[in-house]
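Participant: The following block contains the structure, expressed as C-alpha cells.
Residue numbers (our numbering): 17 to 320.
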C-alpha cells in the first residue's frame with residue numbers, strides 16, 4: 017500500500033457548523049480559499065465523510081463542476097481512503113458524488129491553468145495521485161461500492177471500475193474520454209475495464225470515446241445493479257450495511273485472491289488460495305460462523 021501522504025493543512029476533520037447540511041457522523045475536507053458555498057464565507061467541503069454503523073460514505077462535493085478532481089480533492093481522497101483502510105470500525109466503504117454526476121474525472125480547467133503557468137505538477141499526477149488511489153481502492157481490506165449517479169468519465173469512471181461492486185442509476189453514463197483530449201488511459205482503466213467487459217469492448221470505449229448507458233453497462237457486466245434515478249446511494253448503503261455485518265476478514269482474503277489471480281498462472285493462484293484459506297480458517301469470524309452453524313443461530317462477525 018502506498019505511503020500515506022501528509023494531510024494538507026487546509027483539510028478539516030469537522031464540517032463547518034454553518035453548513036446547512038451538517039449532521040452527526042459527517043466530516044468534511046474543506047476547499048481552500050473563499051467559499052463558493054454562500055455569502056457567509058463558509059468554505060465548501062470538497063469531500064464529505066460520513067460514518068454509519070460500520071459503513072463509511074465518501075462523497076465528492078463539487079456538484080457545480082460535476083465533481084471533477086482537483087489536486088486538493090485528490091489529496092483529500094487519498095487521505096480518506098488511507099483512514100478507511102486503517103480504521104477497524106470501518107467495515108465497508110461507499111464512494112459517490114453529489115449532484116448530477118458521480119465524477120467527471122480530472123478538472124481540466126485546473127490542469128490547463130497549471131500547465132500554462134509552467135507548473136509541471138499535472139505531468140506527475142498519475143504517479144502521485146491516480147495510481148495510489150487505485151491501489152488503495154483495490155487493496156482496501158474491506159468491500160468498496162461505487163454508487164454511480166449521472167456521469168462517470170475518465171478517472172472518475174476508472175475509480176468506479178476499481179471498486180468491488182458498482183450500483184448505477186438509470187441515467188448514469190460511463191465515458192472513457194482520454195483520447196478526446198489527446199491522452200491515453202490511466203487510473204488503472206487499462207487493467208480493470210477489460211476484466212469487467214472484455215478486451216474488445218474496452219478498446220472500443222477507449223478509442224471511440226462514446227458513452228455507455230447504465231442499461232448497457234449492466235448487460236456488459238460493468239455494473240452489479242441498476243436502480244432508478246436517485247436510488248443509487250440508498251441501495252449502496254443498504255448493501256454496504258449487509259457486508260459490514262458480515263465476515264470482513266474473509267472479504268479481505270477474497271479480494272486478495274482475486275487480485276492476485278488476475279495476473280498469475282493457475283499454480284500461483286492455487287498457492288494464494290491455499291494461503292488465504294489457511295489464514296481465514298484461523299480467524300475469530302470463521303470460528304464464530306462454525307459455532308453459529310452448529311447452534312443453529314445467526315453468526316455475529318467481528319472482523320477478526
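The beta-carbon is built from N, C-alpha and C at its ideal position, and this holds for glycine as well.
1. Using the C-alpha atoms, what's the distance from residue 272 back to residue 382?
2. Who are the near neighbours of residue 39 in its chain, counting only those whose CB is closer than 7 angstroms to its CB and skipping five residues on each side?
3. Throw me the rounded Cβ distance for the residue 245 and residue 185 pair, which I believe falls under 8 angstroms.
4. Cβ of residue 202 within 8 angstroms of Cβ of residue 142?
5. Can you tell me where the beta strand (DSSP E) holding residue 291 begins and where it ends?
6. For the 8 angstroms Cβ check, are there 3 or more pairs between the segment 170-182 and the segment 102-121?
7. Closer than 7 angstroms by C-beta to residue 240: which residues in its own chain qualify, once you throw out the five before and the five after it? Chain order, please.
8. Quick one: grab the DSSP three-state call for residue 52.
9. Mind checking whether residue 204 and residue 172 have CB atoms under 8 angstroms apart?
10. Mapping the DSSP letters down to three states, classify residue 40 as helix, strand or coil.
11. Considering only the beta carbon of each residue, do residue 63 and residue 97 sit closer than 8 angstroms?
12. Have a look at residue 296 and residue 263 and give me their C-alpha separation to the nearest angstrom.
13. Note the first and the last residue of the continuous alpha helix (DSSP H) segment covering residue 176.
14. Grouping DSSP H, G and I as helix and E and B as strand, with all else coil, what is residue 163?
15. Terminal residues of the continuous beta strand (DSSP E) containing residue 139?
16. Comparing C-alpha positions only, which one of 275, 90 and 70 sits nearest to residue 77?
17. Considering only their Cβ atoms, is the gap separating residue 101 from residue 333 smaller than 8 angstroms?
18. Here's the rule I'm using: 16 or more other beta-carbon atoms within 10 Å means buried, otherwise exposed. How should residue 72 be labelled?
19. Kindly list the residues whose CB is nearer than 7 angstroms to the CB of residue 146, restricted to its own chain and excluding five residues on each side of it in sequence; keep chain order.
20. Taking only the alpha-carbon atoms, compute the straight-line gap between residue 104 and residue 318 and give it to the nearest angstrom.
Facilitator: With the structure as the only source:
1. Summary: the structure shown does not reach residue 382, with the chain confined to residues 17 through 320, and so no result is reported for it.
2. With a pLDDT of 34 at residue 39, under the threshold of 50, the modelled position of this residue cannot be trusted, and the question is left open.
3. Rounded, the Cβ-Cβ distance is 5 angstroms, consistent with contact.
4. yes
5. Looking at the DSSP string, residue 291 is not in any beta strand (DSSP E); the run it does join, the alpha helix (DSSP H), is 282-297.
6. yes
7. Excluding sequence neighbours, residue 240 sits near 181, 182 and 183.
8. Any answer about residue 52 is weak, because its pLDDT of 38 lies below 50 and its placement is not dependable; what the coordinates show is given next. In the three-state DSSP reduction, residue 52 falls in the coil class, being neither helix nor strand.
9. With respect to residue 172, residue 204 sits apart: the two C-beta atoms are not nearer than 8 angstroms.
10. The predicted position of residue 40 is uncertain, since its pLDDT is 35 and thus under 50; no value can be drawn from it.
11. no
12. 10 angstroms
13. Per DSSP, residue 176 belongs to the alpha helix (DSSP H) from 171-178.
14. strand
15. Taken as a continuous stretch (DSSP letters only), residue 139 belongs to no beta strand (DSSP E), as it is neither H nor E.
16. 90
17. Look at the range of the chain in this structure, 17 to 320, and you will see that residue 333 is not part of it.
18. buried
19. Hits under 7 angstroms: 171, 202 and 203.
20. 10 angstroms
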